[in-house]
Amino acid sequence: MDFLSYLLPFIYALSMIGVFMTLCAYSVLAERKICSFIQGRVGPNRARIPIIGQIPVLGNILTRLGLFHPAADGLKFLFKEEITPGHVRLTYYYLAPIIALAPALTTMVVLPFGRYVDASGAVQPLVLANIDVGILFILAISSLGVYGIVLAGWASNSKYPFLGAIRSTAQMISYELAMGLSILPVFLWAAAPGSDYGLSLFGVVQSQQGLWLILWQPISALIFLVAIFAETNRLPFDMAESETDLVGGFHTEYGAFKFGIFFVAEYAHIIMGSSLFVLLFLGGWNFLPGLADPWPAGIIGIVMSALWFLLKVCGMIFFFIWVRWSLPRFRYDQVMHLGWKILLPLAIANFVIYIFVIALIDKFIN
Amino acid sequence: MAKTKVMERKPLTFSEKTFIPQIASGLATTFGNMFKKTVTLQYPEERPVIPENYRGIPTLVKDPKGRVKCVSCQLCEFVCPPKAIRINPSEIDGEEDPERAHIEKEPATFDINMLRCIYCGLCQEVCPEEAIFLQDDFSLSGYTREEMVYGKDKLLELGGTLPDRHFKWDKKKLAEESNSGHH
Numbered sequence: 000m001d002f003l004s005y006l007l008p009f010i011y012a013l014s015m016i017g018v019f020m021t022l023c024a025y026s027v028l029a030e031r032k033i034c035s036f037i038q039g040r041v042g043p044n045r046a047r048i049p050i051i052g053q054i055p056v057l058g059n060i061l062t063r064l065g066l067f068h069p070a071a072d073g074l075k076f077l078f079k080e081e082i083t084p085g086h087v088r089l090t091y092y093y094l095a096p097i098i099a100l101a102p103a104l105t106t107m108v109v110l111p112f113g114r115y116v117d118a119s120g121a122v123q124p125l126v127l128a129n130i131d132v133g134i135l136f137i138l139a140i141s142s143l144g145v146y147g148i149v150l151a152g153w154a155s156n157s158k159y160p161f162l163g164a165i166r167s168t169a170q171m172i173s174y175e176l177a178m179g180l181s182i183l184p185v186f187l188w189a190a191a192p193g194s195d196y197g198l199s200l201f202g203v204v205q206s207q208q209g210l211w212l213i214l215w216q217p218i219s220a221l222i223f224l225v226a227i228f229a230e231t232n233r234l235p236f237d238m239a240e241s242e243t244d245l246v247g248g249f250h251t252e253y254g255a256f257k258f259g260i261f262f263v264a265e266y267a268h269i270i271m272g273s274s275l276f277v278l279l280f281l282g283g284w285n286f287l288p289g290l291a292d293p294w295p296a297g298i299i300g301i302v303m304s305a306l307w308f309l310l311k312v313c314g315m316i317f318f319f320i321w322v323r324w325s326l327p328r329f330r331y332d333q334v335m336h337l338g339w340k341i342l343l344p345l346a347i348a349n350f351v352i353y354i355f356v357i358a359l360i361d362k363f364i365n
Numbered sequence: 000m001a002k003t004k005v006m007e008r009k010p011l012t013f014s015e016k017t018f019i020p021q022i023a024s025g026l027a028t029t030f031g032n033m034f035k036k037t038v039t040l041q042y043p044e045e046r047p048v049i050p051e052n053y054r055g056i057p058t059l060v061k062d063p064k065g066r067v068k069c070v071s072c073q074l075c076e077f078v079c080p081p082k083a084i085r086i087n088p089s090e091i092d093g094e095e096d097p098e099r100a101h102i103e104k105e106p107a108t109f110d111i112n113m114l115r116c117i118y119c120g121l122c123q124e125v126c127p128e129e130a131i132f133l134q135d136d137f138s139l140s141g142y143t144r145e146e147m148v149y150g151k152d153k154l155l156e157l158g159g160t161l162p163d164r165h166f167k168w169d170k171k172k173l174a175e176e177s178n179s180g181h182h
């Protein structure tokens, strides 16, 4: 029993990493497929794995959907020649991709992805570490991802990566403020006085059993959405890469598997951002606004709640990709203008208004 | 100097300044596009429809009776702008091939350097015998430069037979035999 209680956390962690990395790989495929559908193309549909791909009908369908491409892409990155340019600072050059990926993977520790009912009848989250400062942990750790980009830009010792890194840093710092301010009202709303949830993400989800928070706080949701687009360096805010003016941005000097890690890190950030948005504003694993959860008791209910959460996250990932292939990139000064002159004041005003609204509700309604 | 007209630019309305309606309509457009038919041609399996009079690679054709139509007059060689064609004329051996002895000439070798060819079609235009045609083959490949110089046999094989109602040399032979002078 003792041995098992030591072993189980490792198994949980490994399986979560497995799911997460698979999701990363397949969101790359989703990106390629959705972009080609939007552009009237068919997208990747050639790779075929020997045995599974040769099953008569199924194999052809899977091949046409491009489901074997992530494996092919991964192998390609693994077996490519590792080129290290002569002018880089080696230690930091190798360190940067790891620093870019690690925070994105670390934040998933506090990410609740489903719920179960424990022996005493209380609803508990499915999460690796149920700490009550969940959102603070995520904000603190996920911002560390920018160090990977800065380090990559600086260690590359070349001007385009450097410019990309500088831009990305400024952008991340600018939008972090608006992002932090936009979720304060959410926690004011979710954590009623005297509740023991505090800053935990589970508390936010539990508070959305009636209506989702996107309906109560649409402005917060909008600011947070824009801010996570900026934080994840996605179009229309992909200043750090910006192929047209910076070649490849911070990863210009990277190739083979090191580039692959940056690539995975970008998608890991997207998945984290999507999960966070789902938890905070789209009701997490709650069924639909205004409807009671239909999850049955026992293991089926646990699995269904987790799957429902996963479905919402996939919807958000789709939204990320969809926006990327619809909107043009902002100019850098426009990004700064939007961040500092529009989103930040809006977030502050939103925060102040919700303080009053929540205070009034607490005083007169409850 | 032409008169310049200054266009009146209305100031943006509030909803335009937020970009949100524009972003929403852009998203709607791309979402609609996702369900339209794809325009991709899956090339090696699917081939494009080649229009008539397409100018693919130049080829030599035979007449319906399987005879080489080229009489090695070398007009195409002279007209060819990038000088891709090289012809080595020779006499038709009358004893070996009495049927065609009256044609007098045929190419001993006929080389087209496909790396030089610009697919202009002047050779086809200039050919008095309608022996060279630019047909619908457009994808060539080879491992060496030498391989890309197509010889007579290869050109004839690529050209095949085109329907041809003239049978010029048959008529000329008939005319000679019946002593009615040149046809």
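So the sequences go chain by chain: A and B.
0 is the number of the first residue of the first sequence in numbering that gives the first Met the number 0; add one for each residue after it.
0 is the number of the first residue of the second sequence in numbering that gives the first Met the number 0; add one for each residue after it.
Every residue, glycine too, gets a C-beta built ideally from N, C-alpha and C.
Here the structure is a predicted model, which means the values were calculated and not measured.
| Query | Result |
| --- | --- |
| Does DSSP put F109 of chain B in a helix, in a strand, or in coil? | strand |
| Starting from the Cα of F261 of chain A, find the closest Cα among A:G52, A:A296, A:G283, A:G73 and give me that residue. | A:G73 |
| Can you tell me the Cβ-Cβ gap for L278 of chain A and L200 of chain A, rounded? I've got them flagged as a contact below 8 Å. | 5 Å |
| Would you say F228 of chain A reaches chain B, if we count a Cβ-Cβ gap shorter than 9 Å as a contact? | no |
| Give the secondary structure of P20 of chain B by DSSP, where H, G and I count as helix, E and B as strand, and everything else as coil. | helix |
| Check whether the Cβ of Q53 of chain A lies closer than 9 Å to any Cβ atom in chain B. | no |
| Locate the alpha helix (DSSP H) running through V145 of chain A, then write down its first and last residues. | 144 to 154 |
| Just checking my contact of L127 of chain A with R114 of chain A at CB under 8 Å: how many whole Å lie between their CB atoms? | L127 of chain A to R114 of chain A, Cβ: 14 Å. No contact. |
| Could you check the C-alpha separation between A100 of chain B and R54 of chain B for me, to the nearest Å? | 33 Å |
| Using a C-beta to C-beta distance shorter than 7 Å, which residues of chain A count as neighbours of T29 of chain B? | I37, W321, W324, S325 |
| To test your reading of the DSSP string, which unbroken beta strand (DSSP E) runs of 3 or more residues are found completely within the region 118 to 174 of chain B? | 131 to 133 |
| Can you check DSSP and say which residues form a bridge with K61 of chain B? | B:V67, B:T160 |
| Quick check: T243 of chain A and S155 of chain A, are their CB atoms within less than 9 Å of each other? | no |
| Hey, quick one: how far does the beta strand (DSSP E) through V116 of chain A stretch, first residue to last? | 114 to 116 |
| Kindly indicate which three-state DSSP category E44 of chain B falls into: helix, strand or coil? | coil |
| How many whole angstroms separate the CB atoms of I131 of chain B and L59 of chain B, which I take to be in contact at a CB cut-off of 8 Å? | 6 Å |
| Pop quiz: A267 of chain A and C23 of chain A are said to be a contact at Cβ under 8 Å. What is the actual Cβ separation, rounded to whole angstroms? | 5 Å |
| Using 8 Å as the threshold, is the region 121 to 136 of chain B in touch with the region 85 to 97 of chain B, meaning 3 or more CB pairs across them? | no |
| Give every residue of the same chain whose Cβ lies closer than 6 Å to the Cβ of L343 of chain A, excluding the five residues on either side of it in the sequence, and list them in chain order. | L176, A177 |
| With C-beta atoms as the reference, is F256 of chain A less than 9 Å away from E30 of chain A? | no |
| Which residue wins for smallest C-alpha separation from T168 of chain A, given the options A:I364, A:G144, A:L7? | A:G144 |
| Would you call the region 104 to 113 of chain A and the region 53 to 60 of chain A touching, i.e. three or more CB-CB distances under 8 Å? | no |
| Using a Cβ-Cβ distance under 9 Å, would V334 of chain A count as near chain B? | no |
| Here's the rule: buried if 16 or more other CB atoms are within 10 angstroms of the residue's CB, otherwise exposed. What is Q134 of chain B? | buried |
| Closer than 8 Å is the cut-off here; do at least three beta carbon pairs connect the region 76 to 84 of chain B with the region 160 to 180 of chain B? | no |
| For A296 of chain A, which residues of its own chain have a beta-carbon under 8 Å away from its beta-carbon, when the five flanking residues on both sides are left out? | V116 |
| Measure the C-alpha to C-alpha separation of V48 of chain B and S138 of chain B and round it to an integer number of angstroms. | 14 Å |
| Between A:L64, A:S181, A:L6, A:F112, which has its C-alpha nearest V312 of chain A's C-alpha? | A:F112 |
| Using a Cβ-Cβ cut-off of 7 Å (strictly less than) and excluding sequence neighbours within five positions of I213 of chain A, which residues of its own chain qualify? | A220, F280, L281 |
| Note down, in chain order, each residue of its chain lying with its Cβ closer than 7 Å to the Cβ of Y331 of chain A, except the 5 sequence neighbours on either side. | R166, M238 |
| Assuming the contact rule is C-beta atoms closer than 8 Å, I134 of chain A and L198 of chain A should be a hit. Round their C-beta distance to whole Å, please. | 5 Å |
| I'd like to know if T37 of chain B contacts chain A, where contact means its C-beta is closer than 9 Å to some C-beta of that chain. | yes |
| My assumption, with CB atoms under 8 Å, is that Q216 of chain A sits in contact with Y353 of chain A. Please give the rounded CB distance. | 7 Å |
| Say whether chain A places a C-beta atom closer than 9 Å to the C-beta of L26 of chain B. | yes |
| Pull out every residue of the region 6 to 40 of chain A whose Cβ sits closer than 9 Å to any Cβ of chain B, in chain order. | I33, S35, F36, I37, Q38, G39, R40 |
| Span of the alpha helix (DSSP H) holding Q205 of chain A? | 200 to 205 |
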